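In my numbering, the protein residues as written are 125 to 270.
Below, the structure written as structure tokens:
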């Protein structure tokens with residue numbers, strides 16, 4: 125999917141030309157690159173587990189979603205993963221606004237603490253895999269091994 129210039133959706137929820145509204149805007153590559161270059165250790169560690177479709181889905185990091193940047197974004201499943209650090213307590217209102225905005229476009233937000241990534245990366249990856257499976261369940265195999 126290509127990035128588009130973000131325009132707030134009209135009241136109808138339709139985008140320009142009558143198609144569905146999309147929260148993606150033209151990539152702010154300068155800001156996205158700066159955010160990637162200043163990634164926390166936790167973001168770097170989790171990125172090593174997500175990049176290259178290692179969990180079966182493509183993730184992008186520091187992706188613009190409207191006026192906000194998602195730490196990690198899987199467009200196919202409309203899933204945003206955010207790593208919350210110690211500063212999260214001071215940004216709760218901002219995070220609530222961002223979450224509300226993203227959810228209005230059908231995104232699910234998975235919040236993971238910085239400490240969990242640093243102390244239990246395997247458990248975090250298992251939690252993400254379970255979330256991915258819920259978002260896109262695989263069909264059951266035929267009965268009797270057929």
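All residues carry an ideal CB built from backbone N, CA and C; glycine is no exception.
Remember, it's a predicted structure, so these values are computed and weren't measured experimentally.
{"Item": "Check whether the Cβ atoms of residue 200 and residue 233 sit closer than 8 Å, and answer yes or no.", "Value": "no"}
{"Item": "Let me make sure I understand the geometry here. Which of 163, 173 and 168 has the alpha-carbon closest to that of residue 252?", "Value": "173"}
{"Item": "Between residue 236 and the rest of its own chain, which residues show a CB-CB distance below 6 Å, the 5 nearest in sequence each way excluded?", "Value": "207 and 248"}
{"Item": "How long is the line joining the alpha carbons of residue 260 and residue 194, rounded to whole angstroms?", "Value": "20 Å"}
{"Item": "Compare the C-alpha of residue 258 against each of 227, 266, 244 and 202 and name the closest.", "Value": "202"}
{"Item": "Which of the three DSSP states, helix, strand or coil, is assigned to residue 259?", "Value": "helix"}
{"Item": "What does DSSP give as the partner residues of residue 232 in its beta bridges?", "Value": "203"}
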